[in-house]
Amino acid sequence: MTDWPILSTVTFLPLVGVFFILLIRGDERQIAANSRHVALWTSVVTFALSIVLIADFDTTTAEFQFVEFVPWLPEHNIGYHLGVDGISIFFLILTTFLIPLCILASWEAIATRVREFMIAFLVMETLIVGVFCSLDFVMFYIFFEGQLIPMFLIIGIWGGARRVYSAFKFFLYTLVGSVLFLLAILFMYLDAGTTDIPMLLVHEFAPAIQTWLWLALFASFAVKLPMWPFHTWLPDAHVEAPTAGSVILAGILLKMGGYGFLRFSLPMLPEASAFFVPFIYSLSVVAIIYTSLVALMQQDMKKLIAYSSVAHMGIVTIGIFTFTGQGIEGGIIQMLSHGIVSAALFLCVGVVYDRTHTREIADYGGLVHRMPMYAFVLMVFTLAAIGLPGTSGFVGEFMVLVGAFQSNTWVAMLALTGVILGAAYMLWLYRRVIFGDLTKENLKSITDLNWREVGIFAPLVSLALVLGLYPEPFLDVLHVSVENLIAQTNGAPGLPIAETESVPVPTLAALN
Amino acid sequence: MLYYAAPIFLPLFGAVIAGLFGRVIGARGAQLVTCGAMGVAAVMAIVVFTEVVLQGETATIVLFDWFASGDLDVDWLLRFDELTGVMVFVVCVVSFLIHVYSIGYMAHDPHVPRFFAYLSLFTFFMLALVSADNFLQMFFGWEGVGLVSYLLIGFWYKRPSANAAAIKAFIVNRVGDFGFALGILAIFLMFDTVSFDAVFSGAPGMVDAEVTFLGHSFDFLEVACILLFVGAMGKSAQFLLHTWLPDAMEGPTPVSALIHAATMVTAGVFMVARLSPIFEYAPIALSVVTFFGATTAIFAATIAITQNDIKRVIAYSTCSQLGYMFFACGVSAYGAGIFHLTTHAFFKALLFLGAGAVIHAMSDEQDMRKMGGIWRMIPVTYVLMWIGNLALAGIFPFSGFFSKDIILESAFASHTGLGMYAFGLGILAAFLTAFYSWRLLFLTFHGKPRADERVMAHVHEAPPVMWVPLVGLAIGAVVIGYLMLPMVATDIDFWGTSILVLPIHNALEEAHHVDFWVKALPMAVGVLGIGGAFLFYVLKPELPGQLATRARPVYLFLLNKWYFDELYDILFVRSAKYLGRNLWRQGDGAVIDGIGPDGIAAATLSVARRAVRLQSGYVYHYAFAMLLGLAAIVTWYLIAGR
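Structure (structure tokens):
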């Protein structure tokens, strides 16, 4: 490993692309074409660089790697501090992986203000990558909240009919969380005298303070994730957002909530986290059943997938708050899987939306007659969303359930009902869109996937299968960091988790 | 031993080639590739059967890691023991014959490559299921066969009914999987592993272990086994979770034969036999298995006697026969259950494919009320159907005789209350089995032709590519019962260590020593059933109608399949939709948005509107407000400032 600041490069490279896009001159058409190319190549190079990260990643240590530190406000212990560990690196790569696909998906779909769209996207990439590798709370907060702005613009400018309502709803919801988050950061700074995350990770907050800090962080992460009942912005935002916006929203932005719990709530506030386990379990279980039932009745494809995302995130929060290795790793794998699968599902909706300009399920039917390749791709992701063994959806879900079953059988059982409902709403959607007779006039001339679209889906399909059949390499990267995380939470007294973790079989049998 | 894996991966190879390159290689190419691969697999399966089962050369083949986290360590492994050997043999041979048959049956379908790809893919998943070495890999095969079953039931995706049936099959199976998954979780919680060998060897030490499930303390093994059995009930269409199987007949007939008769639906029975080392220590769970098996056996048989769709009659018959296999396992006669599974695979596939040949001959008519009088026109099919039915009804020396007899004798010999319950209902169901089988034969082939002339003029024997595989199955239906008798013999250790039976559960052993009347009764009631059908449908064809009017409520109850579909529709489908709609409109719309963002936005607006009204523009309004303010300040100063 050289001293080259590779994390900073990955983070800020997209801004270089922005700079070049701003330099483009010419007529409207030329600007559009060139912006697309610059954006695509910038994001592809960024992705390639992030692959270097994982190649050089050391899976034997839980320490932050590729660390960069520059004092910024040394007298206040605030610095420019970057680094990744086994937990954050996958979110970073997921981001750099999805952005080129999003730009490809917007190639023809975005026809107005292309330059601005591409700029918004690249800026967003920088901000999201920044979120996942910041090791300073101030920086984290700037990135975390900063990405609201490009997203707000993407929904508000390139969105559908009710885009303004949705954009504001999205913005306001998240902002309420942010305010409390900021308060929490201020308080932590005053208490610990630093905003450096590695230092805060070892700082012990008094139990009484932990509860309030935890709630403040929760407000922000629960909205982001989103957890029931803070989810109602999501269906609206998805429906109105352009395809690429939905992909980023579902694929990455939602994961920030989960990442926040993993990076801050659990290790910094272990006692409060343990205290709130029943609360999180209840909200998660309600989310799974409630949103699955709601998804069943949706008439809009994007809304259906949006509601299913809330259910899937319910699985994630259960996993994270089991405090077990399987649960947390399962939660992370589930987030990665969802990042791939839900992104792909929104891209699938985008494919037919580009052709027919409707998202109503009732406007489709019998697509398999004209689009066999599309039918195949959608089938793969439908199955992955259902969590069929052999697809990415299964591994994470199962590991979470293993963790949950150890801590609370009710939670595991109720979460499992989502498995039944999930199959119901996804297969019903598939049937209404793909199967049946092709009777709608405008569908009779619809064309199958073109090469650009095949190029988008091919890596997603392979990833969904690889993650399902051979997730070992991914888990290898996670193990040490997750163990470290669990050790950090176990450092706190009064955690009920320690016993369930390491009980050998005979003792349990003897106990009874 | 690496070549053991060949029969498992050859079908996958065929499926991938036919599925991905179907358009390139065309219908003929897809048929050649899949049938060729399947043919080799069948030959290899016989080799595996010989080596593993007959010579006892069991093996485990390690493929690669799946996933690991903490104690949870799951690998991809192939386990070849006696039980797997038998299953691989049955699956590959039957699947190969059905592949060949499908060449003729699906000849006019525009989607031949897709069909063959699915058929081979199914075979692969089924083989993965039976060769699994841990619970999760079994679950992988389990869900895989469910998926392909879904795809094949909905193969004719233009039909709304086929799509509905496909989803129903998947969802009902998911309900079963719900139990299966919980069972696996419970197993892992207590054993810290999901590998079969480790769990099996640890089971005796868990006999009195308790587990807290849903806030109550239960006997661990009982709970785990019952949960796992719920999965088996779903896949094997047992009472309460049976509703998907008859509807699954929407799929092409070869699919019904392969998936919904010979192999997939028997996965539940296989599971119980495979897990015998745990079930043996869970007497209550075994009672549950016996109860549901026996209940299904009689329940499905009563429905079968009233159905008019030829495939549905056979479907309910399958359901009923699966019940037999389960209660055999329930009384610890696992060998007998798998024995019946084997014979049933041959004769039931034969019956389905024979029915397919009839449907083919009758221009795609499935209603037996519109058939009749065709036996002279399709004599080969007619004879084959006779063989299949003789085997099903358990008439000596056809294969069903051996397997059904030993099951009923085991139930009798178990000397438990539930064993007698199973024996009684099993005998009754045996009578009904013979009755509906010959009802089917008489209605389909005998009497006056009830089809219109156009159809009758077109009735023709199936082409050789269809009836030759049927002859293969028919040979199986005749001889396999005798050949496989060692499966239930007491002096031969056929199963090795693959099936565990505790010495106290010696029903199978005792079955060989029951009184003569017990041995003779199953066949006697079979002959009686045939006689009854002869009376009802040949001698006095007006009798069934009279009986149906006389006992109309009973008839309607049976014709409508005990009203399970209607009940489930109200209980689950409609209530889920009702809840979904209301949670969306009321919960999300009125409550969360109403109080949350929309409510706050509205409140802010209304406050702002009122605030706006304060700015009236009249100076005296402002002066008055100032005066009030001044007064307030002064008052406060006077009171609080002192």
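In order, the protein sequences belong to chains V and X.
Mapping the first sequence onto this note's numbering, position 479 (from 1) lands on 479, and the numbers just tick up by one.
Mapping the second sequence onto this note's numbering, position 602 (from 1) lands on 602, and the numbers just tick up by one.
Where is the CB? At the ideal position from N, CA and C, for every residue including glycine.
Listed along chain X, the residues sitting closer than 7 Å to F435 of chain V by beta-carbon distance are G154, Y157, N163. A straight-line Cα-Cα distance of about 17 Å links G629 of chain X and A611 of chain X. Against chain V, a Cβ distance below 9 Å from S236 of chain X picks out nothing, because the smallest value is about 18 Å. Listed along chain V is no residue with a C-beta nearer than 9 Å to that of T243 of chain X; the closest approach is about 15 Å. Ranking V:D300, V:K302, V:I333 by CA distance to the CA of I315 of chain V puts V:I333 first. The Cβ neighbour count for P267 of chain V, taken over all protein chains shown within 10 Å, is at least 16; the residue is labelled buried. For V84 of chain V, the uninterrupted beta strand (DSSP E) run begins and ends at 78–84, by DSSP.
Across the segment 416–449 of chain V, CB contacts with chain X closer than 8 Å involve L416, T417, V419, I420, L421, A423, A424, L427, W428, R431, I434, F435, G436, D437, in sequence order along the chain. Between the alpha carbons of G373 of chain X and M523 of chain X lies a distance of about 28 Å. Of the residues V:G393, V:L388, V:R432, V:L345, the one whose Cα lies closest to the Cα of L367 of chain V is V:R432. Boundaries cannot be given for I499 of chain X, as no alpha helix (DSSP H) includes it and DSSP labels it neither H nor E. With its beta carbon less than 8 Å from one in chain V, R174 of chain X belongs to the interface. Short of 6 Å from the beta carbon of I504 of chain X, and not among the five residues preceding or following it, lies no beta carbon of its own chain. Under the 8 Å criterion on CB atoms, G70 of chain X is classed as interfacial with respect to chain V. Between I600 of chain X and P229 of chain V, the C-beta gap is not smaller than 8 Å, which leaves the two residues out of contact.
Chain order gives the chain V residues near A181 of chain X as F398, L401, L416, V419, where near means a beta carbon separation below 8 Å. If you keep only unbroken alpha helix (DSSP H) runs of at least 4 residues inside the segment 588–629 of chain X, you get 597–614. Residue range 65–73 is occupied by the beta strand (DSSP E) that includes P71 of chain V.
Nearest to E280 of chain X by C-alpha distance, out of X:S201, X:M138, X:L500, X:P110, is X:L500. For the C-beta of V368 of chain V, the chain X residues within less than 8 Å are, from N- to C-terminus, Y157. Contacts between R613 of chain X and chain V, judged by CB atoms closer than 9 Å, are missing: the closest CB pair is about 25 Å apart. Contact holds between the segment 113–123 of chain V and the segment 36–45 of chain V, because three or more Cβ pairs, one in each stretch, are under 8 Å apart.
In the DSSP annotation of this structure, the continuous segment of the alpha helix (DSSP H) that includes H312 of chain V starts and ends at 301–320. Those residues of the segment 204–215 of chain X placed with their C-beta closer than 9 Å to a C-beta in chain V are G205, M206, D208, A209, E210, V211, T212, F213, L214, G215, ordered along the chain. DSSP places L63 of chain X in the uninterrupted beta strand (DSSP E) bounded by 59–69.
For F178 of chain X, the residues of chain V that pass the 9 Å Cβ criterion are M413, L416, T417, V419, I420, in the order they occur in the chain. By the C-beta density criterion, H513 of chain X is exposed, having fewer than 16 other C-beta atoms within 10 angstroms. H460 of chain X is bridged by DSSP to nothing; it lacks a bridge partner. If you draw a straight line from the Cα of D236 of chain V to the Cα of S166 of chain V, it is about 5 Å long. Check the Cα spacing between T9 of chain V and each of V:G258, V:C133, V:G339, V:L22: the tightest is with V:C133. Within chain X, the C-beta atoms nearer than 7 Å to that of Q326 of chain V come from S69, G70, L72, in chain order. Interface with chain V (8 Å Cβ-Cβ cutoff): W584 of chain X is included. Taking CB atoms only, E143 of chain X has a neighbour in chain V less than 8 Å away. Annotated three-state conformation of D3 of chain V is coil, per DSSP.
For I167 of chain X, the C-beta contacts it makes with chain V under 7 Å involve L427, W428, R431, in order along the chain.
Residues of chain X whose Cβ lies closer than 8 Å to the Cβ of L383 of chain V are, in chain order, L147.
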